[in-house]
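First comes the structure, then the notes that go with it.
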Amino acid sequence: MSLFEKVKDRVLECPLRGKKFLPLDALDEMITTEAVKANLRKRTRWLNSGLPGKIVQQTRKIFAILVLMKESPFINDFLALFEEGLRDEHLPLKTRKEDDSVLVSESGREFHSFRHWNPFKVNAFLEKQWIVQAPVFDLEGNHIVLDPECALPLLENFKQIGGGQASAVYKAVLHKNHQRFATQGTEVPVAVKMLNCLGEKEVESFNQERDNLERVQKLHHEHLIKHITICQGKPHSFVLFPLAEGGALSDFWKNEDSRPRNTELFSWSFRQMLGLSSALQALHELNCRHGDLKPDNILNFKNGHGEDVLVVADLGVSKIHAVATDLRKDPTRTTATTRAYESPEVFESDSEDLPRRRRFDIWSIGCIFLEFSIWLLYDNKAISCFERNREAPDHSFYKRTEGGRAIVHPKVSEAMEAVREDPRCKGGTALEDLINLIDKHLLQIKAESRYSAQQLHDRLQAIVQGAADDPSYLFRQVDPHPTTPVVFQRSESLSGQGTRIIGDTSAL
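Going by the UniProt record's numbering, the first residue of the sequence shown is number 1, and it counts up by one from there.
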């Protein structure tokens with residue numbers, strides 16, 4: 001098998017861009033000192049003994065380009081380029097505006113040896129060079145300008161997991177030799193957000209998202225999403241994120257429904273709520289608000305110790321930021337899902353006042369913490385039934401009276417009271433203090449009556465510290481467990497028969 005055939009067999013295709021790339025490990029394995037020496041000996045009578053080693057060290061990619069061009073017969077052309085000083089570090093090259101027979105690097109260095117090539121061969125070089133230009137990523141969140149011909153080093157096993165009108169999100173695998181942040185030789189699962197960048201407004205939206213991603217990245221907050229890299233290009237730009245293998249908080253509630261409701265789970269849950277409030281505080285101090293907090297936008301990652309960590313993602317609604325929009329699993333989610341957690345003043349004319357906008361998030365986090373509490377005491381079915389018992393289509397945590405005035409939804413008030421009355425909650429527990437916090441300081445109709453993110457964090461910190469000092473403070477052990485309250489069971493109105501309760505009323 002010829003060197004051309006060996007190299008060609010190792011070329012892969014990026015599933016998102018349809019562009020080809022030669023992985024770095026293949027480049028190292030194929031373009032060796034021995035391979036270069038054998039190829040050069042076929043084409044020239046003389047050979048400096050040190051030349052093959054220098055080629056491998058300094059121009060391995062350029063040599064591979066010529067191999068892919070089937071240009072071994074013109075190896076003297078390569079030697080001319082080498083002597084002129086062309087090295088891998090000068091790639092990619094482009095034609096000089098004044099003279100397209102001269103190629104120039106991004107730094108402006110010119111290479112005149114290409115004058116002796118015919119135009120077809122020059123174009124072939126410019127085309128094939130992108131096969132060896134697939135980027136290598138780290139965790140610095142770097143911004144890369146991606147040429148339309150350059151591949152992302154992704155493997156074929158990918159699928160769409162989310163999306164919107166101007167973007168799509170894919171689960172993909174990053175090639176093991178094009179990343180520096182995981183175990184060496186490990187293929188890394190990632191979430192890739194692909195954004196349309198053709199129109200002026202789309203480019204402006206991407207630029208805003210890029211700027212705010214970079215701002216959030218600098219916070220280095222454990223409970224805020226961090227991107228791997230931003231790749232700007234046309235017709236699409238891309239943002240790569242670590243993949244939340246644990247899914248979203250909503251997935252956690254579903255998948256971990258059978259876990260024992262013990263001290264360990266309650267303690268972890270309260271610590272995560274504290275972490276989420278800390279993330280919210282960090283955003284607000286950055287003059288940002290999230291704007292679309294909900295369980296689907298809180299992702300579950302594993303930290304370095306293998307522990308579950310909840311992370312705020314999908315900051316896509318705010319004008320200040322737009323992080324990983326639709327990094328959730330179900331691409332069929334509708335606006336109604338978002339509306340459920342929106343605060344009652346969202347459509348008011350003065351809703352653009354910044355302090356008020358920050359308090360939008362406080363309402364939303366209150367909704368999430370209430371559902372978290374319901375899950376801890378009962379199960380995921382209780383959350384679903386609680387949602388159904390609030391009016392469709394929005395299932396909001398508030399409702400408007402006939403006069404247009406917003407009030408806390410009666411079912412929400414009923415739910416908070418039901419949790420308070422649960423014997424596992426009553427009597428000065430952390431769970432009771434949490435419900436009182438939600439009721440009195442988070443789910444308040446008037447935005448100015450709600451806690452700030454810092455006040456929320458400080459109160460939760462006191463609760464978590466109290467639980468650390470005395471774990472029995474978390475909740476009361478009760479045997480047998482009480483039945484599920486009616487508000488957390490599904491109700492259906494039957495014509496002529498009043499209301500029937502449908503759902504599991506057995507103990508946990």
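Note that the Cβ used here is the ideal one computed from N, Cα and C, for glycine as well.
Does the Cβ-Cβ distance between L16 and M194 come in under 9 Å? yes
List in chain order: all unbroken beta strand (DSSP E) runs of 3+ residues lying wholly within the segment 222-269. 229-232 and 236-242
Taking only three categories from DSSP, how would you classify A343? For clarity, residue 343 is Ser in the given sequence; the question names Ala instead. Three-state DSSP puts S343 in coil, outside helix and strand.
If you draw a straight line from the alpha carbon of Q57 to that of I31, how long is it in whole angstroms? 10 Å
Three-state class that DSSP yields for Q454 in the structure shown: helix
Roughly how many angstroms separate the alpha carbons of D99 and I144, rounded to a whole number? 28 Å
For a test of the three-state rule: what should DSSP assign to V136, helix, strand or coil? coil
Whole-number beta carbon distance between L198 and V188, since they are thought to touch under 8 Å: Incorrect: roughly 29 Å between the Cβ atoms, too far for contact.
Spatial neighbours of R388 within its chain, please: C-beta separation below 6 Å, excluding the five flanking residues on both sides. R490
Between the segment 233-249 and the segment 290-303, do at least 3 Cβ pairs fall closer than 8 Å? yes
Can you give me the C-alpha to C-alpha distance between D314 and D292, rounded to a whole angstrom? 8 Å
Pairs of beta-carbons, one from the segment 274-284 and one from the segment 229-240, closer than 8 Å: are there three or more? no
Which one of F111, C14 and L24 has the shortest CA to CA distance from V7? L24
Going by beta-carbon coordinates alone, are G85 and F111 separated by less than 9 Å? yes
Option in A340, E414, H116 and R271 with minimal Cα separation from E391: A340
Look up N389 in the DSSP assignment and say whether it is helix, strand or coil. coil
For the segment 426-445 against the segment 357-376, do three or more pairs of beta-carbon atoms, one drawn from each stretch, fall closer than 8 Å, so that the two count as touching? yes
Per DSSP, which one or two residues make a beta bridge with M416? Per DSSP, none; premise fails for M416.
By DSSP, does D100 sit in helix, in strand, or in coil? strand
How about G450 and R359: do their beta carbons lie closer than 9 Å? The identity of residue 450 in the sequence shown is Arg, whereas the question assumes Gly. Yes, Cβ-Cβ distance for R450 and R359 is below 9 Å.
List the endpoints of the continuous beta strand (DSSP E) containing L310. D308 to V312
Report yes if the C-beta distance between I131 and I65 is below 9 Å; otherwise report no. yes
Quick check: what's the CA-CA separation for E345 versus Y398? 10 Å
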